[in-house]
Amino acid sequence: MLNREQIVDLSRKTKRNIQIKRTFPEDADTLMPLGLRETSLLTMDSAVTFADILKVSNIVKQIAFSLNTSDYLSFQCLNRNLYHIQLNGVTDKDYWLDKIKGIGLIAEVGYLFDESTSLNACNIFDIHKKFDPKRPKNAYMLFYKFFQGFTDKLYYNDVTAFFPDEYSDPVSQAKIIESLQKYIKSNDNDWSYYKKVEENLNTFKELFTTSIIRELDIRFDKKEYFTCSKFVEVLLSLGHEMSAVDFFKSKNEFSDSVELPQTIFDEEDNLRYDQLELALNTFRDFLNDKITITDELFQDKYPVMVLYTENFVQDHLIPYFNKQISSNDDLDPNNIRIMALPTICDHMSVYLVDKLTTSINAGESYKRFVAEFIQLYLEPEIQNFFDTMVSDFTTKTEKAFKDYQEQTQLKQREKDEELFQSLKDRTLTNEELLDGKTNFLKSFTKIFKINNNASKSQADQDLEMSYTLQKINNKLQNITSLISLDLCYKVIQSCREHMEKIYYFKTIKVFESVVKAECQEIYKTLIWQLSENHIKLGFETALQLLQDYDANETKLAKLSINGTSDDDNKVEPLVQFTELINIGDIILQMISIFYNNELIAKGIINKNKDIFNDVVHTKKVFETMLDDYVANGLNIGIDKLMDQVEFLFNTMQFPDDFNPDPKDILRREILPSKCAVACVELLSEHCFLLTGATDKGTIDVFQQEVGERFFDEAVKNIKKHLISEDGAIFLIADLNYYHDFISKKLKQKNIVPYFAGLKSVGQLYLISGKDSKELGKLICDVGKFQGVFTQEEIYELVQRRTDWLKVRKDVEKVMYGLGVSDCVIC
Numbered sequence: 001m002l003n004r005e006q007i008v009d010l011s012r013k014t015k016r017n018i019q020i021k022r023t024f025p026e027d028a029d030t031l032m033p034l035g036l037r038e039t040s041l042l043t044m045d046s047a048v049t050f051a052d053i054l055k056v057s058n059i060v061k062q063i064a065f066s067l068n069t070s071d072y073l074s075f076q077c078l079n080r081n082l083y084h085i086q087l088n089g090v091t092d093k094d095y096w097l098d099k100i101k102g103i104g105l106i107a108e109v110g111y112l113f114d115e116s117t118s119l120n121a122c123n124i125f126d127i128h129k130k131f132d133p134k135r136p137k138n139a140y141m142l143f144y145k146f147f148q149g150f151t152d153k154l155y156y157n158d159v160t161a162f163f164p165d166e167y168s169d170p171v172s173q174a175k176i177i178e179s180l181q182k183y184i185k186s187n188d189n190d191w192s193y194y195k196k197v198e199e200n201l202n203t204f205k206e207l208f209t210t211s212i213i214r215e216l217d218i219r220f221d222k223k224e225y226f227t228c229s230k231f232v233e234v235l236l237s238l239g240h241e242m243s244a245v246d247f248f249k250s251k252n253e254f255s256d257s258v259e260l261p262q263t264i265f266d267e268e269d270n271l272r273y274d275q276l277e278l279a280l281n282t283f284r285d286f287l288n289d290k291i292t293i294t295d296e297l298f299q300d301k302y303p304v305m306v307l308y309t310e311n312f313v314q315d316h317l318i319p320y321f322n323k324q325i326s327s328n329d330d331l332d333p334n335n336i337r338i339m340a341l342p343t344i345c346d347h348m349s350v351y352l353v354d355k356l357t358t359s360i361n362a363g364e365s366y367k368r369f370v371a372e373f374i375q376l377y378l379e380p381e382i383q384n385f386f387d388t389m390v391s392d393f394t395t396k397t398e399k400a401f402k403d404y405q406e407q408t409q410l411k412q413r414e415k416d417e418e419l420f421q422s423l424k425d426r427t428l429t430n431e432e433l434l435d436g437k438t439n440f441l442k443s444f445t446k447i448f449k450i451n452n453n454a455s456k457s458q459a460d461q462d463l464e465m466s467y468t469l470q471k472i473n474n475k476l477q478n479i480t481s482l483i484s485l486d487l488c489y490k491v492i493q494s495c496r497e498h499m500e501k502i503y504y505f506k507t508i509k510v511f512e513s514v515v516k517a518e519c520q521e522i523y524k525t526l527i528w529q530l531s532e533n534h535i536k537l538g539f540e541t542a543l544q545l546l547q548d549y550d551a552n553e554t555k556l557a558k559l560s561i562n563g564t565s566d567d568d569n570k571v572e573p574l575v576q577f578t579e580l581i582n583i584g585d586i587i588l589q590m591i592s593i594f595y596n597n598e599l600i601a602k603g604i605i606n607k608n609k610d611i612f613n614d615v616v617h618t619k620k621v622f623e624t625m626l627d628d629y630v631a632n633g634l635n636i637g638i639d640k641l642m643d644q645v646e647f648l649f650n651t652m653q654f655p656d657d658f659n660p661d662p663k664d665i666l667r668r669e670i671l672p673s674k675c676a677v678a679c680v681e682l683l684s685e686h687c688f689l690l691t692g693a694t695d696k697g698t699i700d701v702f703q704q705e706v707g708e709r710f711f712d713e714a715v716k717n718i719k720k721h722l723i724s725e726d727g728a729i730f731l732i733a734d735l736n737y738y739h740d741f742i743s744k745k746l747k748q749k750n751i752v753p754y755f756a757g758l759k760s761v762g763q764l765y766l767i768s769g770k771d772s773k774e775l776g777k778l779i780c781d782v783g784k785f786q787g788v789f790t791q792e793e794i795y796e797l798v799q800r801r802t803d804w805l806k807v808r809k810d811v812e813k814v815m816y817g818l819g820v821s822d823c824v825i826c
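Every letter in the sequence shown is one number past the one before it in UniProt numbering, and letter 641, counting from 1, is 641.
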């Protein structure tokens, strides 16, 4: 029996009869060609001639389709029967179809080869990519003509003078090698032949590539870049792109000899812009030089520059700046350097990326690629930068508020020392000072009391009171310094600067959500620091001073020291507290403006979607805290203001104001009393303190509360005095004065009826005792008093008439229909 190798050998011998005898192995059924298994002419022990084999069509076809092109043509010529009958027509056409398809051509009915075109081994694959399936042999033989000679040389490994003289150009030679890789695939049906040719071609290709790279190296060192571009084109056409890239990288490494600034920071870790720009210019010039070389060598045939730039950024550019901003505790204990990262990145964009020359090889998007590479390899430092910025802002803000508080306390202690020393120099000896100062500083609330201890001299007591009073006054004057508007502004400005540095990286998609989160965290830190470390402490201290203020004791203390009172009737803590409210309102407005301009406008917070965000909640808590402090302070302030009003009523409202001596009545002008004038002046000075310091709603509530409380004090004052018919006109003058202030100056409509009703109270005392019945009717007519007083309250007020005992019976008779004398107890 014939095996495949013997059949192939037979096909190469023309017009010879060969007798072959072979026994099949155990797996002969699987190895034997289909035609041999199907024929009945062959048996295990039979001997056949070659002529007998050629009579079997299936065997002939199997033999033919396992032959390479040259062997097939030889086999076809063995005899006329093979040439004209068995290997003709459909069989022959199918063979050539397989061949032409093997080299990668596409069938197209009616396709014609343009014979006028000058064809050669270099351009045939570029010109003809299709064939007419009706004439496959004609198409294949055209390729056979150009490449079979090269194939035969490869088969016999005869590569000396492999390329004819017309193909001396390395580019043409590379093109032929590339075309041969396609052509030899048409003979892969003859596997041993194909593998031998392929192996020899690959070996030849490697030798050829090595020689090209060696020549490229020589020419590159001579800077003959145009010639180098030809060799690069050869490497690319042979599929050795990485060899070309590796060669370019090896010849264009960023040498350590390139001079870069040792540091871009000064001794205080401040960024030196001249050194930063020098470093970036060095990197820029290096890249621009490589862009020029790349464009000459590669043009736009293979994107070398993009990959080269990425490696350059990763291996040289970023490590240099990472080293510069390294948070080494010895070099940069406060992490100041890393906070310059946004500035460095911005300068990279301006002085490096934007000034790169246009790259043909890298394309129009080259600069964008460079920027993205920088961002990509800076990601770890950027994340570290975010963490540093938040912690830095927190630390600096805490320190700023702590330092301010310590300085304020130190200044207060120094003022107290100076005050005590100045008072002591006038009244005490050094020995008395030591004894007195120790006692005074223990508790100034006790010092307010006038000491009646006989063991102390009057001078000791006067010094004690004077020191305490001045000390309290100093603290009251310093209420506004409890919260520093300037410091708060600087902290808010610092927050904005930190946030802007973080926001710089928002354009990096991977950090978009991180930037928002970090900016929100800084804003929450700002609110917390302002609240806990400054504003809360300031307001609580102010509220305590306001709470401890006692107008009466202060007045008495002044009187005891000076003998007279030169006070201007101001409730000093309330005046100072309103200034504090003004500061708080300004801070709140700055926070709101900052929130709208930095968080809302920049999209860090979506006011429509983020209503439950921690930032929104934190801001609302802060606003509520300020509102509560303002409300509590104003309530205390109103209490102190009413204490002052009460003090004025007690000290300036004399008994004869409303019950004058009949002898003096004619000499007295009908004017508001000094007490009334003082009260209105006091109210006028304090009711408008909040104007411009807070919103109108708060001002209205404050003024209405003051008006209502003053109304109560005025009523209480009336109840403390006896009022005669002659004095009624002076009471009415006071009440009219109060009414005019409320209705014309304060203009709070809600409380005007109170004072209109109060003004009518004066009529209770103006009616003559002889008209007691009219008086009784007036009491019963509650409508006359604007509905402000009940009948019982009016009855209580009318009892302050000096002639009440005389008119009581008649008045009650009108009110109740009977008098007390009409009651009989059985």
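We put the CB at the ideal spot given by N, CA and C, even for glycine.
Comparing alpha carbon positions, the residue from V798, C488 and K222 closest to L764 is V798. Partner residues in the beta bridge of I723, as assigned by DSSP, are R801. Judged by DSSP in its simplified three-state form, V514 adopts helix. In this structure, the alpha-carbon of D190 lies about 5 Å from that of L67. Ranked by Cα distance from Q589, the options N123, K506, D627 and A121 are led by D627. With a contact defined as Cβ atoms closer than 8 Å, F75 and I63 qualify at about 7 Å. As computed with DSSP, A139 is found in no beta bridge at all. Boundaries of the alpha helix (DSSP H) harbouring I583: E572 to F594, taken from the DSSP string. Straight across, the Cα-Cα distance linking E572 with K509 is about 57 Å.
Among the bridge pairs identified by DSSP, L271 is matched with F265. In the three-state reduction of the DSSP assignment, K130 falls in the strand class. In the DSSP assignment, A676 falls within the alpha helix (DSSP H) that extends over K674 to C687.
S186 is classed as buried because its beta carbon has at least 16 other beta carbons within 10 Å across all chains shown. Bridge partners of I106 according to DSSP: K130.
Per DSSP, C122 is not a residue of any alpha helix (DSSP H), being assigned neither H nor E. Your pair L766 and I729 checks out as a contact, with CB atoms roughly 7 Å apart and the cut at 8 Å. Rounded to the nearest angstrom, the gap between the Cα atoms of E598 and L341 is 21 Å. Sequence-distant Cβ neighbours of Y351 in its own chain, meaning closer than 7 Å and more than five residues away, are E277, L280, N281 and R284. Using a C-beta cut-off of 8 Å, the segment 495–514 makes no contact with the segment 571–585, since fewer than three inter-stretch Cβ pairs fall below that distance. In this structure, the straight-line span from the alpha carbon of Y72 to that of K61 is close to 11 Å. Rounded to whole angstroms, the gap between the alpha carbons of N252 and S172 is 28 Å.
Around the C-beta of M242, fewer than 16 other C-beta atoms lie within 10 Å, and the residue is accordingly described as exposed.
CA-CA distance, E793 to L689, rounds to 33 Å. Taking the Cα positions, F401 is about 13 Å away from T525. With contacts defined by Cβ atoms closer than 9 Å, Y183 and V245 do not form a contacting pair.
With a cut-off of 8 Å on Cβ pairs, the segment 146–165 is in contact with the segment 194–201, counting three or more such pairs. In this structure, I522 places its C-beta atom within 9 Å of the C-beta atom of M389.
Residue range Y225 to S237 is occupied by the alpha helix (DSSP H) that includes S237. E812 is classed as buried because its beta carbon has at least 16 other beta carbons within 10 Å across all chains shown.
Distance from the Cα of D664 is smallest, within the candidate group D726, S673 and E224, for D726. The residue from Y366, N322 and A362 with its alpha-carbon nearest to that of C345 is N322. At a Cβ-Cβ threshold of 9 Å, V645 and L683 count as neighbours.
The residues T282, in chain order, have a CB closer than 8 Å to that of E259 in the same chain once the five nearest residues on each side in sequence are set aside.
Separation of the CB atoms of I483 and G633 is rounded to 12 Å, and the pair is thereby denied contact status at 8 Å. Its chain contains L105 and I106 as the residues whose beta carbon lies nearer than 7 Å to that of K129, once the 5 sequence neighbours on both sides are disregarded; these appear in chain order. Under a 10 Å Cβ-count criterion, V370 is classified as buried, with 16 or more other Cβ atoms of the shown protein chains found around its own Cβ.
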